[in-house]
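Be aware that the sequence shown starts at 2, since it is given in the working numbering, and climbs by one per residue. Virtual Cβ for every residue (Gly too), placed ideally from N, Cα, C. The structure presented is a predicted model; accordingly, all values stated were derived computationally and were not measured. Okay, so here's the structure we're looking at.
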Amino acid sequence: MVSIELKNISKSFGPVTANKDINIFAKGGEILGLLGENGAGKTTLMNVLSGLYRPDSGTISINNEEKTFDSPRDAISAGIGMVHQHFMLVPIFSVTENVILGNEETGFANFLKLSESERKVKEISEKYSLFVDPKEKIERLPVGSQQRVEIIKVLFRSAEVLIFDEPTAVLTPQEVAELFNIMNSLKATGKAIIFITHKLHEVLEVCDRISILRAGEIVGEADPKVASNKELANMMVGRPVNLSLERRSSKPGKILLDVKNLSVLSEKLDLAVSDISFDVKEGEIVGVAGVQGNGQTELVEALTGLRSSLSGKISYFGQMVPNMNPRKIHQIGVRHIPEDRQKSGIIGNFSVGENLILNNYYAAPYSKHLKMDWDVVSIESQKIIKNFDIRTPSNDTLAQNLSGGNQQKLVVGREMSSHVDFLIASQPTRGIDVGSIEYIHEQLIKSRNAGNGILLVSTELEEILALSDRIIVLFRGRIIKEFESNPAPEQIGLAMAGHSI
Ligand SMILES: Nc1ncnc2c1ncn2[C@@H]1O[C@H](COP(=O)(O)OP(=O)(O)OP(=O)(O)O)[C@@H](O)[C@H]1O
Ligand SMILES: [Mg+2]
């Protein structure tokens with residue numbers, strides 16, 4: 002069975018040491034969990050292993066043989082495959098076309114022999130329970146199935162070592178369970194798996210060993226058979242983390258958001274939100290629970306002026322907003338943490354500082370007489386960077402060079418730092434480590450205690466339960482159930498699955 006060993010790996014980006022003298026190993030037939038805070042260096046280390054980056058020093062050995070990778074292609078031919086968090090698939094191509102795309106060994110001649118490749122895709126998909134139709138177009142597949150295509154892609158290239166970088170962040174609980182089955186069947190056939198996640202219970206459930214990174218260095222190993230959530234959190238963050246929240250009961254005031262009989266069409270012109278009515282008052286957090294894809298995205302887009310609604314009424318602070326558009330909505334005091342930071346949260350090739358003022362760069366104090374006051378921008382962004390613990394060398398760093406979780410903190414910090422009356426928080430802690438989740442949750446509660454209204458949209462049941470004063474559950478675009486106080490997790494789980502009693 003395959004064995005890999007990384008020895009004394011160091012990798013810096015200018016002044017930032019992302020990996021320092023790292024030693025880890027992985028063997029066929031086991032799943033290694035890689036844990037660490039946002040910016041600890043997990044993705045960088047895996048990018049080194051998959052040939053995307055050359056390490057500054059250190060060695061990679063596969064089956065006790067030292068290897069140098071000049072490109073991902075070299076790593077692939079050495080049997081290493083990475084399933085990236087952001088899929089790299091062509092939507093209008095079929096599953097098989099995507100699998101063989103860019104495969105040098107197959108070549109263009111075989112691109113024409115599609116049926117042969119389709120057979121091989123089918124064979125792989127059956128062997129590892131990666132159920133997907135080889136002929137189906139990618140754009141017609143749900144996220145979980147697209148991820149399977151990414152896995153088939155690396156298996157098609159004969160990967161023996163599979164790297165999964167936060168694969169569960171975008172999956173439904175059902176899809177997570179299926180992914181774990183797949184990982185276990187890969188393990189059973191002797192593949193080595195490296196798994197990155199911020200969800201501690203997932204590591205404990207599926208891993209055989211755990212390595213923990215902090216600030217670019219390995220700080221220890223843990224045994225999932227005996228370790229607890231709390232111990233893992235301590236090791237990652239280097240201090241005790243409070244995993245449960247204390248909050249006093251809410252004192253709801255005036256209605257801030259009033260939604261009446263709202264219907265919204267999806268991109269494909271389906272009825273994504275169907276005749277829903279609810280409100281959010283001052284001083285309360287209303288949680289919108291539901292399995293991903295039950296209308297949450299379209300609802301939030303309609304509420305933030307990103308998508309027009311089909312029918313119904315949306316009023317903020319007692320008034321309908323004429324010609325709703327994102328800037329207008331912002332100007333009346335509504336803030337928005339979007340669900341997809343890459344798509345609508347940050348501008349990658351803008352600096353951290355520029356990203357932090359995206360909402361109001363055109364107004365005082367940032368802009369005076371058509372000129373930007375960069376000193377003010379710098380002072381204000383330093384504050385947000387400090388408060389939200391955004392790990393960045395400076396506010397001039399490009400946002401795309403931050404780690405995934407730090408990009409998320411940037412978005413959250415921006416939306417929660419200027420004057421807020423109403424906040425729409427969509428998956429606010431996606432990809433964020435436990436220590437920073439604690440802080441963001443505290444900020445949400447603080448904002449609610451100060452009398453602001455918050456609509457919290459999250460597919461994380463734990464998050465909904467920890468924060469919400471009231472909960473509505475969306476199922477196929479409708480409110481299937483409302484909870485006035487905190488229900489038992491099973492009750493809400495049933496509603497999420499479509500049971501209204
Ligand atoms: N291409 C790059 N250029 C400059 N700095 C980078 C680059 N890639 C990563 N970094 C820096 O290296 C450090 C480690 O980042 P990395 O993405 O490996 O963290 P991570 O452990 O994967 O975090 P997360 O959990 O947030 O995804 C961070 O400080 C990050 O800003
Ligand atoms: Mg990462």
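Beta strand (DSSP E) segment containing residue i, residue limits
i	result
Met83	81 to 84
Gly37	31 to 37
Ala193	193 to 197
Asn185	Unbroken run through Asn185 is the alpha helix (DSSP H), 174 to 189; no beta strand (DSSP E).
Ala426	423 to 427
Asn262	256 to 266
Val353	Here Val353 belongs to no beta strand (DSSP E); instead the alpha helix (DSSP H) covers 353 to 357.
Ala27	17 to 28
His337	335 to 338
Val570	The displayed coordinates of the chain run from 2 to 502. Any statement about residue 570 would go beyond what the structure contains.
Glu6	4 to 14
Phe318	Looking at the DSSP string, Phe318 is not in any beta strand (DSSP E), and its letter there is neither H nor E.
Glu218	218 to 223
Phe484	479 to 484
Arg210	210 to 215
Thr45	First-last for Thr45: 43 to 50, but that is the alpha helix (DSSP H), not the beta strand (DSSP E).
Val474	471 to 476
Ala290	286 to 290
Whole-Å CB distance - residue i paired with residue j, under 8 Å assumed
i	j	result
Arg328	Met417	The Cβ separation is near 19 Å, so there is no contact.
Gln297	Leu475	6 Å
Ile25	Ser212	5 Å
Val435	Val220	That pair is no contact at about 15 Å.
Ala290	Ile480	Between Ile480 and Ala290 the Cβ distance is about 10 Å, and since that is not below 8 Å, they are no contact.
Val287	Leu445	Not confirmed; about 12 Å, so no contact.
Ile139	Val150	7 Å
His202	Asn230	7 Å
Lys12	Asp57	6 Å
Gln293	Thr173	5 Å
Val353	Glu299	Not quite, the Cβ-Cβ distance comes to about 30 Å (not below 8 Å), so this is no contact.
Asn396	Ser382	4 Å
Leu233	Val204	7 Å
Residue environment, residue i, which counts as buried when at least 16 other CB atoms sit within 10 Å
i	result
Phe196	buried
Asp71	exposed
Ser245	exposed
Lys282	buried
Glu66	exposed
Glu491	exposed
Glu105	Unreliable placement is indicated for Glu105, whose pLDDT of 49 sits below 50; the coordinate value is still reported in the next sentence. Label assigned to Glu105: exposed.
Asp224	exposed
Glu268	exposed
Asn295	buried
Leu270	exposed
Ala496	buried
Ala41	buried
Phe1	This structure does not reach residue 1, given that the chain is present from 2 up to 502, and the question cannot be answered.
Asn99	buried
Val458	buried
Lys447	exposed
Cβ shell of residue i (< 6 Å), same chain only, five flanking positions each side left out
i	result
Ile385	Leu357, Gly414, Ser418
Pro135	Val96, Thr97, Glu119, Val122, Lys123
Ile330	Thr305, Gly306
Same chain, Cβ closer than 8 Å to residue i, neighbours up to 5 away in sequence not counted
i	result
Met47	Leu35, Met83, Ile164, Asp166, Ile195, Ile197
Ser345	Leu307, Pro339
Val377	Pro366, Tyr367
Thr44	Asp166, Ile197, Ser404, Gly405
Glu483	Phe279, Arg471, Ile472, Ile473, Val474
Continuous alpha helix (DSSP H) stretch holding residue i: start and end
i	result
Thr169	Per DSSP, Thr169 belongs to no alpha helix (DSSP H) and is neither H nor E.
Ile386	375 to 388
Ser118	115 to 128
Glu66	Taken as a continuous stretch (DSSP letters only), Glu66 belongs to no alpha helix (DSSP H), being part of the beta strand (DSSP E) at 66 to 68.
Arg328	327 to 332
Close-in-space but distant-in-sequence residues of the same chain around residue i (CB under 7 Å, 5 per side omitted)
i	result
Ile32	Met184, Lys188, Ile194, Phe196, Val207, Cys208, Asp209
Glu302	Arg308
Leu53	Pro73
His442	Leu246, Ala467, Leu468
Glu464	Thr430
Gly239	Arg215
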